[in-house]
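Asker:
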Amino acid sequence: MKRTLGVCYYPEHWPDETWAEDAARMAETGITWVRIGEFAWSRLEPSPGDLRFDWLDRAIETLGAAGLRVVLGTPTATPPRWMIDKHPDMLPVDGQGRVRGFGSRRHYDFSHAGYREESRRITRLLAERYGKNPHVAAWQTDNEYDCHDTTLSFSEAARRGFQDWLAQTYQSPDALNRAWGNVFWSMEYDDFSQIGLPNLTVTEANPAHWLAFRRYSSDMVVLFNKVQVDEIRKHSTAPILHNYMGRVTSFDHWKVGADLDIAAWDSYPIGFLSDRIENDAGRKLDFLRQGDPDNQAFHHDLYRAVGRGRWWVMEQQPGPVNWAPWNPAPLPGMARLWAWEAFAHGAECVSYFRWRQAPFAQEQMHAGLLRPDSAPAPALAEATQVARELAAMPEVEPGRAQVALVFDYESAWAWEVQPQGADFDAWRLAFAAYRACRRAGLNVDILPPDCADLSAYKLVLAPGLMRLSDPLRAALAAFKGIALIGPRTGTKTAELSIPVPLGPGLPDCDVTVALAESLPPGAKVKLSDGGRFLHWFEHLEGSATVHMSTKDGRPAIMGNDSLRYIAGWPDDDTFDHIIGYHCDVLDIPTCVLPDGLRVRDTATHRFVFNYAAKAQMWNGTRIPPAGVHWEPLA
Ligand code: GAL
6 MKRTLGVCYY PEHWPDETWA EDAARMAETG ITWVRIGEFA WSRLEPSPGD
56 LRFDWLDRAI ETLGAAGLRV VLGTPTATPP RWMIDKHPDM LPVDGQGRVR
106 GFGSRRHYDF SHAGYREESR RITRLLAERY GKNPHVAAWQ TDNEYDCHDT
156 TLSFSEAARR GFQDWLAQTY QSPDALNRAW GNVFWSMEYD DFSQIGLPNL
206 TVTEANPAHW LAFRRYSSDM VVLFNKVQVD EIRKHSTAPI LHNYMGRVTS
256 FDHWKVGADL DIAAWDSYPI GFLSDRIEND AGRKLDFLRQ GDPDNQAFHH
306 DLYRAVGRGR WWVMEQQPGP VNWAPWNPAP LPGMARLWAW EAFAHGAECV
356 SYFRWRQAPF AQEQMHAGLL RPDSAPAPAL AEATQVAREL AAMPEVEPGR
406 AQVALVFDYE SAWAWEVQPQ GADFDAWRLA FAAYRACRRA GLNVDILPPD
456 CADLSAYKLV LAPGLMRLSD PLRAALAAFK GIALIGPRTG TKTAELSIPV
506 PLGPGLPDCD VTVALAESLP PGAKVKLSDG GRFLHWFEHL EGSATVHMST
556 KDGRPAIMGN DSLRYIAGWP DDDTFDHIIG YHCDVLDIPT CVLPDGLRVR
606 DTATHRFVFN YAAKAQMWNG TRIPPAGVHW EPLA
């Protein structure tokens, strides 16, 4: 497949007269796709029922006439001000019970049925008008579900919706009481209408109550998205995508993704490094202008799976952003490197955010491909170069992986509800395992928690899954490679209580988690071979083989030939050792990479990316800082 570039554009921000020139410059840059419309509701419907599509007709026509293909966004992340007068109770409520007001974006509650209908209505109107438009070649639903922490809302609408959801899920208050263990602290209910939201209780609410609310809230996102998808599909055969975020686990992306044709995500490597990745201060400085060398790849692989093979980067950082605590400029070359890395992981399109920097409002300090005065910003030349290289490059097809990592959103909720140790975070643990694979130069596939077939892989990692689904358990029973399971996997029931018999319940493998302890920063459990566990350690019992021990003689890895339980959270060196050892056993080739150099194999090429701020050598080739190198696979 030929890979393409795109850009995010806001015709409503600029005088009509500039559109044609902008479109011509986009085409000249080598851009194929342009995403528009996703925040334009106040211009599409300035007052209730007063529809103004004429400007959007002209914008689409102008862009299309320049040869661009349009991704049309539904504008539901930004309901206009009049909507709040019409539905005053649609505003979301935070965990402290405060209403989150109008004046920015995402001021809606996923549980609000009235707003869901408004969202259906505007989507239907757009789909009816543009569903057959030859220039509208893809659709985006809403924008970044959960952005600004908006999955959870503690509103009256949420309370009522949650009660209905509970009634459907549990059928009777008795069944719910039993499932949650409400006899504890006399928390029993006689009627679903008595059940409140789990915030604002005196001390922590029952973890099962929280987990149910997290499941309900995720289902509301799935429903909100599905309503739009159904409307669009009635009028259009173009693919539908949503632009997910980095390190967002508050709703089940596997489920939203099942209703869409393509998964997209918004990649802001430098913003993320500053804002949401645990790295020590020195490492953050080393990668200040490049971003974490594994974070983008992790999300590329995750969303490739969420999109069942079809995925895009819908927003690619082009220069400094405005929203992180600090906002350095990328090293020259990074806007090119990030794009090529996405293509090497199989992205169909990489779309820069945004075309021109807006001189007004919240994101005025956020760079674009053009400056506010329309002069080229540094990333424009890099995008042009990528477009030229794409045109010259033979088709890029994603490579195969021998290693897979299972990733589960529900477990992320479970461990947020009940961390037990302040550092325990499901995403962080999965990412730690993923990074170790990347340091060994491995291609990794990410799999959903109900994955029923592991036969394509030699090594499977399943860290931190609260429970093993039936399909996954069956796949593990049939698995011929090695699965590294744990820590903390299979140690809870679906209701977030402790299973009896105790977990992890591995098929034909006698390992039991007898006790779990969490460790504060600085504390460690030493392993007999010099390795270490941090954050978390489980005391294992059973008759299975001990493959690795702690210094004081407890099992650290225990299991049989195929299924092995890891009793703690390995530090980076220990993860490297564990992955390296098992790859050797399984005959999976690894490589030794200098820090900051990363590789990814496509079907035909090995790509090498230098995230370091200095030049590095790869097989005799010097790769400059922010350099990208590719060579045919041997
Ligand atoms: C994304 C969002 C965009 C824009 C961008 C700025 O999270 O989807 O609308 O705000 O961040 O980096």
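FYI, in our numbering the residues of the sequence shown are 6 to 639.
Quick reminder that beta carbons are idealized off the backbone N, C-alpha and C, glycines included.
These figures come from a predicted structure and were not determined experimentally.
(1) Please state the DSSP three-state secondary structure of Y357.
(2) Return the first residue and the last residue of the alpha helix (DSSP H) that I89 is part of.
(3) Say the cut is 7 Å; is the CB of D271 nearer than that to a heavy atom of the ligand GAL?
(4) Per the contact definition of three or more C-beta pairs closer than 8 Å, is the region 74 to 91 in contact with the region 47 to 64?
(5) Over what stretch of residues does the beta strand (DSSP E) that includes S523 continue unbroken?
(6) Under a three-way DSSP split, which group does G287 fall into?
(7) Compute the minimum distance between the beta carbon of H371 and the heavy atoms of the ligand GAL, and state whether it is under 7 Å.
(8) Could you check if N230 belongs to the surroundings of the ligand GAL, using beta carbon to heavy atom distance under 7 Å?
(9) Among all the DSSP beta bridges, which residues are the ones paired with E22?
(10) Is C596 near the ligand GAL, in the sense that its beta carbon is under 7 Å from a heavy atom of that ligand?
(11) Tell me whether D430 sits in a helix, a strand or coil according to DSSP, three-state version.
(12) Report the option in I593, G314 and M339 whose CA atom is closest to the CA atom of P325.
(13) Quick check on DSSP: helix, strand or coil for T626?
(14) Can you give the Cα-Cα distance for I36 and Y15, rounded to whole angstroms?
(15) Let me check you understand the geometry: is the CB of W144 closer than 7 Å to at least one non-hydrogen atom of the ligand GAL?
(16) Excluding the five sequence neighbours on either side, which residues of its own chain have a C-beta within less than 8 Å of the C-beta of S241, listed in chain order?
(17) Quick one: give me the first and last residue of the beta strand (DSSP E) that P637 is part of.
(18) Going by CA-CA distance only, name the one from V355, W635 and A372 that's closest to T389.
(19) Of the choices P594, R627, Q621 and A620, whose alpha-carbon is the least far from that of A1?
(20) Answer with buried or exposed for M661, where buried requires no fewer than 16 other C-beta atoms within 10 angstroms of its C-beta.
(21) Locate the alpha helix (DSSP H) running through Q301, then write down its first and last residues.
(22) W574 by DSSP, collapsed to three states: which one?
(23) Starting from the C-beta of V188, find all residues in its chain whose C-beta is less than 8 Å away, skip the five residues before and the five after it, and write them out in chain order.
(24) Please report the Cβ distance between P629 and A618, rounded to the nearest whole angstrom; I am assuming they are in contact, meaning their Cβ atoms lie under 8 Å.
(25) Rank Y414, L73 and A45 by C-alpha distance to the C-alpha of W60 and give the top, closest one.
(26) So, with DSSP's three-state summary, where would you put S191?
(27) Does DSSP put Q176 in a helix, a strand or coil?
(28) Nearest by alpha-carbon distance to C596: which of D475, G535, R444 and V530 is it?
(29) Going by the C-beta, is F256 closer than 7 Å to any heavy atom of the ligand GAL?
(30) Give the range of the beta strand (DSSP E) segment to which T595 is assigned.
(31) Please tell me whether, using a cut-off of 7 Å, the distance from the CB of N332 to the nearest non-hydrogen atom of the ligand GAL is below it.
(32) Cβ-heavy atom distance between C354 and the ligand GAL below 7 Å?
(33) Just checking, does the region 478 to 489 make contact with the region 455 to 468 on the three C-beta pairs under 8 Å criterion?
(34) Could you check whether the Cβ of F348 sits closer than 7 Å to any heavy atom belonging to the ligand GAL?
(35) Does the count of Cβ pairs from the region 398 to 416 and the region 364 to 384 closer than 8 Å reach three?
(36) Is the beta carbon of A172 sitting closer than 8 Å to the one on F197?
Answerer: By the coordinates alone:
(1) Here residue 357 refers to the residue found at position 352 when the sequence shown is read from its first residue. Note: Y357 maps to strand in three-state DSSP.
(2) Along the sequence shown, read from residue 1 onward, the residue named residue 89 stands at position 84. It spans R86 to K91 - the alpha helix (DSSP H) in which I89 sits, taken as one unbroken run.
(3) Translated into the one-based positions of the sequence shown, residue 271 becomes position 266. Distance from the C-beta of D271 to the nearest heavy atom of the ligand GAL is below 7 Å.
(4) By the Cβ criterion, the region 47 to 64 is in contact with the region 74 to 91, since at least three pairs of Cβ atoms, one from each stretch, lie closer than 8 Å.
(5) Residue numbering aside, residue 523 sits at position 518 when the sequence shown is read from its first letter. Counting along the chain, the beta strand (DSSP E) containing S523 begins and ends at T517 to S523.
(6) Position 282 of the sequence shown, counted from the first residue, corresponds to residue 287. Helix at G287.
(7) In the sequence shown, the residue the question calls residue 371 occupies position 366. Answer for H371: yes, Cβ within range of the ligand GAL.
(8) As a position in the sequence shown, residue 230 is number 225, starting the count at 1. Between the ligand GAL and N230, a heavy atom-to-CB distance of less than 7 Å is absent.
(9) Indexing the sequence shown from 1 puts residue 22 at position 17. Partner(s): none; E22 has no beta bridge.
(10) Your numbering for residue 596 matches position 591 in the sequence shown. No; taking the cut-off as 7 Å, the Cβ of C596 has no heavy atom of the ligand GAL nearer than that.
(11) Your numbering for residue 430 matches position 425 in the sequence shown. Three-state result, D430: coil.
(12) Position 320 of the sequence shown, counting from 1, holds the residue named residue 325. Looking at the Cα atoms, M339 is the closest of the given residues.
(13) Position 621 of the sequence shown, counted from the start, is the residue given in the question as residue 626. Here T626 sits in strand by DSSP.
(14) Counting from one through the sequence shown, the residue named residue 36 turns up at place 31. Counting from one through the sequence shown, the residue named residue 15 turns up at place 10. Straight-line Cα distance between these residues: approximately 16 Å.
(15) Looking up residue 144 in the sequence shown gives position 139. Every heavy atom of the ligand GAL is 7 Å or more from the Cβ of W144, so no.
(16) Position 236 of the sequence shown, counting from 1, holds the residue named residue 241. For S241, same chain residues with a beta-carbon under 8 Å away, outside a window of 5 residues either side, are A132, Y135, G136, K137, V141 and W144 in chain order.
(17) To locate residue 637, count along the sequence shown from 1; it is residue 632. First-last of the beta strand (DSSP E) with P637: V633 to P637.
(18) Here residue 389 refers to the residue found at position 384 of the sequence shown. Residue nearest to T389 within the set V355, W635 and A372 is V355 (criterion: CA-CA distance).
(19) In the structure displayed, the chain extends from 6 to 639; residue 1 sits before or after that span and is not available.
(20) No information on residue 661 is available, as it lies outside the stretch 6 to 639 that the chain covers here.
(21) The sequence position of residue 301 within the sequence shown is 296, counting from 1. Where Q301 is concerned, the enclosing alpha helix (DSSP H) stretches over N300 to V311.
(22) The sequence position of residue 574 within the sequence shown is 569, counting from 1. Here DSSP, grouped into helix, strand and coil, assigns W574 to strand.
(23) Counted from its first residue, the sequence shown places residue 188 at position 183. So the qualifying residues of the chain are N182.
(24) Taking the first residue of the sequence shown as 1, we reach residue 629 at position 624. Taking the first residue of the sequence shown as 1, we reach residue 618 at position 613. A Cβ-Cβ distance of about 10 Å is found for the pair P629 and A618, leaving them out of contact under the 8 Å criterion.
(25) As a working mapping, residue 60 is identified with position 55 in the sequence shown. Put simply, of Y414, L73 and A45 the residue whose alpha carbon is nearest the alpha carbon of W60 is A45.
(26) For the purposes of this step, residue 191 is taken as residue 186 along the sequence shown, with counting starting at 1. S191 sits in a helix when the DSSP states are folded into three classes.
(27) The residue labelled residue 176 in the question sits at position 171 within the sequence shown. Residue state for Q176 is assigned as coil, using DSSP reduced to three classes.
(28) In the sequence shown, residue 596 corresponds to position 591, counting from 1. Nearest C-alpha to C596: R444.
(29) The count along the sequence shown starts at 1 and reaches residue 256 at position 251. No, since every heavy atom of the ligand GAL falls outside the 7 Å radius drawn around the Cβ of F256.
(30) Position 590 of the sequence shown, counting from 1, holds the residue named residue 595. In the DSSP assignment, T595 falls outside any beta strand (DSSP E), carrying neither H nor E.
(31) Start at 1 with the first residue of the sequence shown, and residue 332 comes out as number 327. Incorrect: N332 has no Cβ contact closer than 7 Å to the ligand GAL.
(32) Working through the sequence shown from its first residue, we reach residue 354 at position 349. The nearest non-hydrogen atom of the ligand GAL is 7 Å or more from the C-beta of C354.
(33) Touching, yes.
(34) Reading the sequence shown from its first residue, position 343 is the one you call residue 348. Because no heavy atom of the ligand GAL lies under 7 Å away, the Cβ of F348 does not count as near it: no.
(35) Segments in contact, no.
(36) Taking the sequence shown and counting its residues from 1, the one referred to as residue 172 is at position 167. Taking the sequence shown and counting its residues from 1, the one referred to as residue 197 is at position 192. In this structure, A172 lies near F197, with their beta-carbon atoms less than 8 Å apart.
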